[in-house]
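All the letters of the sequence shown, read from the start, carry residue numbers 10 to 314 under the working numbering.
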Amino acid sequence: MKVLVATEKPFAASAVEGIKKEVEAAGHELVLLEKYTEKARLLAAVKDADALIVRSDKVDVEVFDAAKQLKIVVRAGAGYDNIDLAAATAHHVVAENTPGQNSNAVAELVFGLLVFAVRNFYNGKSGSELKGKRLGILAFGNVGRNVARIAKGFGMEVCAYDAFCPTAAIETAGVRACASVDELFRSSDIVSLHIPATPETLKSIDYRTVNLLPKGGILINTARKEVINEPELLKLLAERTDLKYITDIKPDADVDFQQFEGRYFSTPKKMGAQTAEANINAGIAAAKQINAFFADGCTTYQVNK
Ligand code: NAD
Numbered sequence: 010m011k012v013l014v015a016t017e018k019p020f021a022a023s024a025v026e027g028i029k030k031e032v033e034a035a036g037h038e039l040v041l042l043e044k045y046t047e048k049a050r051l052l053a054a055v056k057d058a059d060a061l062i063v064r065s066d067k068v069d070v071e072v073f074d075a076a077k078q079l080k081i082v083v084r085a086g087a088g089y090d091n092i093d094l095a096a097a098t099a100h101h102v103v104a105e106n107t108p109g110q111n112s113n114a115v116a117e118l119v120f121g122l123l124v125f126a127v128r129n130f131y132n133g134k135s136g137s138e139l140k141g142k143r144l145g146i147l148a149f150g151n152v153g154r155n156v157a158r159i160a161k162g163f164g165m166e167v168c169a170y171d172a173f174c175p176t177a178a179i180e181t182a183g184v185r186a187c188a189s190v191d192e193l194f195r196s197s198d199i200v201s202l203h204i205p206a207t208p209e210t211l212k213s214i215d216y217r218t219v220n221l222l223p224k225g226g227i228l229i230n231t232a233r234k235e236v237i238n239e240p241e242l243l244k245l246l247a248e249r250t251d252l253k254y255i256t257d258i259k260p261d262a263d264v265d266f267q268q269f270e271g272r273y274f275s276t277p278k279k280m281g282a283q284t285a286e287a288n289i290n291a292g293i294a295a296a297k298q299i300n301a302f303f304a305d306g307c308t309t310y311q312v313n314k
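Dropping the structure here:
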């Protein structure tokens, strides 16, 4: 089988080496398309691929139309909103992600950003500590759980809300389960977003919700920019000068957010999963999942069921 790795932003060299080793050990052929800038190159490369590994690359209906042999596409990472799932299903292609492989990387970044935020972006003025602060985790998935683990090390009080994770699973992790998003915002000094971008979560973090944060509240987003209602958050930041917004995903309205100097910070580019470990883990997991799929039809991580 031909396994195509198509990455506009390539994997680390050691990750490619690991993927190649996995794929070839299973008797498949690895083809690399890296740093491509024109979609035509992807459309040409995918023509005879049986499997496709991508990072944030867009896999839309045009790509599926061109990929006549394609049986499986794996997004090396957690979020898979770059893959058109309906088109995958219509073309009888299994779509998978590699959950959990970059979650520690994202969780560590949350705390890098939070210390920066409570110390006033290192502006020389006295700040505050995370110890004793109440942290609300919105979505208790792979990243959310790692955030909870690290938060306890900081001595924070941790609560979480997840629409699908059973309360018992949250409580077993030693975290207080909130009954609703509203309760989470109302009872947290800091809310950390870990919801995926879905039709339900789109723009769901709005004026009303964020306004539930108590005085001095901080909203931190390492999930997706699409979950934020940007015009409403801008309005709220203008009205409530006590709030801070910290994000790993530059908003569309970044220029407007920049007026809130000292209360707004965005990483220059998405940094959450940018560690050597996450890069290697996700790439190799993708290769292993493809091998398992061809060996025995395993679809454990299928997201277009
Ligand atoms: P995950 O799939 O392990 O967890 C997602 C959780 O969200 C699940 O527990 C699910 O039950 C919950 N959920 C889904 N819809 C919900 C809703 N409407 N309300 C409340 N909870 C809901 O994913 P993860 O690995 O924890 O990653 C979370 C998100 O973080 C990803 O979807 C991705 O968008 C983002 N992410 C960002 C980076 C980055 O570089 N900043 C890296 C990895 C992931």
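Don't be surprised by glycine CBs; every beta carbon is placed ideally from N, CA and C.
Contact test: residue i Cβ vs the ligand NAD heavy atom, cutoff 7 Å
{"i": "alanine 160", "result": "no"}
{"i": "arginine 217", "result": "no"}
{"i": "histidine 203", "result": "yes"}
{"i": "asparagine 129", "result": "no"}
{"i": "glycine 281", "result": "yes"}
{"i": "alanine 87", "result": "yes"}
{"i": "asparagine 151", "result": "yes"}
{"i": "phenylalanine 173", "result": "yes"}
{"i": "threonine 256", "result": "no"}
{"i": "valine 184", "result": "no"}
{"i": "valine 119", "result": "no"}
{"i": "alanine 233", "result": "According to the sequence displayed, residue 233 carries arginine and not alanine. Within the cutoff, so yes."}
Nearest-angstrom Cβ-Cβ length linking residue i and residue j, presumed shorter than 8 Å
{"i": "alanine 24", "j": "isoleucine 289", "result": "4 Å"}
{"i": "threonine 309", "j": "valine 103", "result": "With 8 Å as the limit, threonine 309 and valine 103 do not qualify as a contact, their Cβ atoms being about 11 Å apart."}
{"i": "alanine 58", "j": "leucine 79", "result": "6 Å"}
{"i": "alanine 295", "j": "threonine 176", "result": "Not a contact, Cβ separation roughly 33 Å."}
Check: residue i C-beta below 7 Å from any heavy atom of the ligand GTP
{"i": "asparagine 111", "result": "Questions concerning the ligand GTP fall outside what the structure shown contains, since the ligands it does hold are the ligand NAD."}
At least 3 beta-carbon pairs within less than 8 Å: the segment 120 to 140 vs the segment 166 to 174: Judged by Cβ distances under 8 Å, the segment 120 to 140 makes no contact with the segment 166 to 174, as fewer than three pairs qualify.
Could you tell me whether the segment 115 to 127 touches the segment 254 to 273, using the rule of 3 or more Cβ pairs below 8 Å? In short, these stretches touch, since the Cβ pair count reaches three.
Uninterrupted beta strand (DSSP E) stretches inside the segment 29 to 111 (no shorter than 3 residues): Complete beta strand (DSSP E) runs here, min 3: 38 to 43, 60 to 63, 81 to 84 and 103 to 106.
Are there three or more Cβ pairs, one per stretch, closer than 8 Å when the segment 76 to 92 is compared with the segment 53 to 68? These segments touch.
Starting from the N-terminal side, write out each stretch of the beta strand (DSSP E) that is 3 residues or longer and does not extend beyond the segment 262 to 290. Within the segment 262 to 290, the complete beta strand (DSSP E) runs of at least 3 residues fall at 273 to 275.
So does the segment 185 to 197 actually touch the segment 240 to 256, counting three or more Cβ pairs closer than 8 Å? Segments in contact, no.
Within the segment 144 to 171, ranges of the alpha helix (DSSP H) (whole runs, at least 4 residues): Complete alpha helix (DSSP H) runs here, min 4: 151 to 162.
Counting Cβ pairs, one atom from each stretch, are 3 or more of them under 8 Å apart for the segment 263 to 270 and the segment 68 to 86? Because the criterion of three Cβ pairs below 8 Å is not met, the segment 263 to 270 and the segment 68 to 86 do not touch.
Sufficient close CB pairs (3 or more, under 8 Å) joining the segment 293 to 303 to the segment 271 to 281: No, the segment 293 to 303 is not in contact with the segment 271 to 281.
Tell me, please, whether the segment 197 to 216 touches the segment 137 to 151 by the rule of three or more beta-carbon pairs shorter than 8 Å. A contact exists between the segment 197 to 216 and the segment 137 to 151.
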